[in-house]
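Under our numbering, the sequence shown has 183 at position 178, and the numbering climbs by one with no breaks.
Using N, Cα and C, we set each Cβ at its ideal position, and we do this for glycine too.
Below is one structure, written out as C-alpha cells; the observations come after it.
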Amino acid sequence: MNDQLQKALANLLGRATQGVDAGVSFLQAQLPDVIQQLLVWKLVASLLVFGVCSSLIVGCVGILLKMRRIHLAWRNLEYEIQKYENVCDYPIPRANMNMCQDELRKLNDRQMLRDAAMAKVTELREARGNYNDLPDYWYIPAISMMPSIAALALYGFTWIQIWIAPKLYLIEYAASLGK
Numbered sequence: 006m007n008d009q010l011q012k013a014l015a016n017l018l019g020r021a022t023q024g025v026d027a028g029v030s031f032l033q034a035q036l037p038d039v040i041q042q043l044l045v046w047k048l049v050a051s052l053l054v055f056g057v058c059s060s061l062i063v064g065c066v067g068i069l070l071k072m073r074r075i076h077l078a079w080r081n082l083e084y085e086i087q088k089y090e091n092v093c094d095y096p097i098p099r100a101n102m103n104m105c106q107d108e109l110r111k112l113n114d115r116q117m118l119r120d121a122a123m124a125k126v127t128e129l130r131e132a133r134g135n136y137n138d139l140p141d142y143w144y145i146p147a148i149s150m151m152p153s154i155a156a157l158a159l160y161g162f163t164w165i166q167i168w169i170a171p172k173l174y175l176i177e178y179a180a181s182l183g184k
C-alpha cells in the first residue's frame with residue numbers, strides 16, 4: 006500500500022509539474038502580448054481622462070470669457086446711458102428777443118441735441134432690458150472647473166509616462182499590484 010501511495014503521489018506531482026511547466030510556457034508566450042495590451046489600455050484610458058478634463062476646462066474658460074465680454078458690454082452700455090443722461094441734464098436757457106440769430110441757432114441745436122440724447126437714452130434702456138434682474142452665474146463654470154483640474158492632476162498625465170517611459174510605468178504598476 007505504501008508503494009501505491011508513493012506511485013500516486015509521484016503521479017500527482019508529475020502532473021502538477023507538467024501543469025506548472027505548461028502554465029509557465031503559456032505565460033512566457035503570452036506575456037509580451039498581455040503587457041502590450043495593458044499599456045495600450047492604460048494609455049487610451051489616460052488619454053480619455055486627459056481629453057475630457059481638458060475640454061471641460063477649455064469650455065469653462067470660454068464661458069467665463071464670454072460672460073466677461075457681456076459684462077464689459079453691459080458696463081459700456083451703462084456708461085453710454087450716463088453720458089446721454091448728462092447731456093439731457095444740461096440746462097438750456099430760454100430764448101428771448103434780445104438774442105441774435107446765431108445764439109438762437111445754437112439754442113435750437115442744443116434743444117435738438119437734448120431731444121436726440123433723450124431718444125438715445127430711451128433706446129439704450131430698451132436694448133438693455135432687464136439685465137440688472139439677472140444674477141451673475143460666473144461661479145458655475147468656475148466651480149465646474151475644479152473637479153476637472155483635480156482629475157487632470159491625478160489621472161490625466163499617465164499617458165505621458167506610458168509614452169516616454171513604458172518600462173518605468175510597468176515597474177510602478179507591478180509595485181502597485183504587489184501592495
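Where residue 55 falls: helix, strand or coil (DSSP): Residue 55: helix per DSSP, three-state reduction.
Candidates 36, 51, 20: closest to residue 161 by CA position: Of the candidates 36, 51, 20, the residue whose Cα lies closest to the Cα of residue 161 is 51.
Cβ separation of residue 154 and residue 68, assumed to be a contact under 8 Å, to the nearest whole Å: Between residue 68 and residue 154 the Cβ distance is about 15 Å, and since that is not below 8 Å, they are no contact.
Expected contact under 8 Å - CB spacing of residue 223 and residue 36 to nearest Å: Residue 223 cannot be examined here, being either before or after the span of the chain that is shown, 6 to 184.
Straight-line Cα distance separating residue 146 from residue 64: C-alpha separation (whole angstroms): 9 Å.
Residue 54 and residue 180 closer than 8 Å at C-beta: The answer is no: Cβ separation not under 8 Å.
Length of the line joining the Cα atoms of residue 14 and residue 39: It is roughly 35 Å from the alpha-carbon of residue 14 to the alpha-carbon of residue 39.
Straight-line gap, residue 41 to residue 158 (C-alpha atoms, nearest Å): Approximately 25 Å, taken between the alpha carbons.
Residue range of the unbroken alpha helix (DSSP H) whose run includes residue 172: Annotation for residue 172: the continuous alpha helix (DSSP H) segment containing it runs 171-183.
DSSP three-state assignment for residue 28, whether helix, strand or coil: Note: residue 28 maps to helix in three-state DSSP.
Between the CA atoms of residue 70 and residue 128 - distance to the nearest angstrom: One C-alpha to the other measures close to 27 Å.
Same chain only: Cβ atoms within 8 Å of residue 176, ignoring 5 sequence neighbours per side: Annotation for residue 176: no residue places its beta carbon closer than 8 Å to its own, counting only its chain and skipping 5 residues before and after.
Buried/exposed call for residue 164, threshold 16 Cβ in 10 Å: With 16 or more other Cβ atoms within 10 Å, it is buried.
Status (buried if at least 16 other CB within 10 Å, exposed otherwise) for residue 150: Around the beta-carbon of residue 150, 16 or more other beta-carbon atoms lie within 10 Å, marking it buried.
Three-state secondary structure assigned by DSSP to residue 161: In the structure shown, residue 161 sits in coil (DSSP, three-state: anything other than H, G, I, E or B).
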